[in-house]
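When we follow the UniProt record's numbering, the leftmost residue of the sequence shown carries the number 1, and every step to the right adds one. A virtual CB, placed ideally from N, CA and C, is assigned to each residue, including glycine. None of these values were measured; they are calculated from a predicted model. What follows is one structure encoded as structure tokens, with my remarks underneath.
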Amino acid sequence: MGEGTDSPILAVLLICVAGSVVLAAIGIWLHRTRRLTSRRAALVWAILTLVPLFGAGFAMMTRHTVDMATGETRAGVNEPPPTR
1 MGEGTDSPIL
11 AVLLICVAGS
21 VVLAAIGIWL
31 HRTRRLTSRR
41 AALVWAILTL
51 VPLFGAGFAM
61 MTRHTVDMAT
71 GETRAGVNEP
81 PPTR
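So, in structure tokens, the structure goes:
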């Protein structure tokens, strides 16, 4: 995409989303094989499925806060000024 677009936080985000999808697929499989029978167990599994997404959001917000504190990211500026 261009210079300066390498973002390690995106790798963390994609891993967390993939983990959430895998947990959802396992939950669907457990439900179809009648191993996830009670409503309480299904609710706990659904909450467990969403936990990686909240972890990804926390990681992104933490990274952004650190970047703002160190001056790497300035408020209201999307891209650095063009260099000639």
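query                                                                                                                                       : result
Let me check understanding here. Comparing Cα to Cα, which of G76, I26, A75 and T73 lies closest to L48?                                    : I26
Output the distance between the C-alpha atoms of A59 and A42, rounded to the nearest integer angstrom.                                      : 27 Å
What number of angstroms, rounded off, separates the C-alpha of G2 from the C-alpha of V44?                                                 : At G2, the pLDDT of 48 sits below 50, so the modelled position is not reliable and the matter cannot be decided from this model.
Whole angstroms are fine: how far does the CA of I9 sit from the CA of R84?                                                                 : 29 Å
Beta-carbon within less than 8 Å of T73's beta-carbon, same chain only, minus the 5 sequence neighbours each way: which residues are those? : H64 and D67
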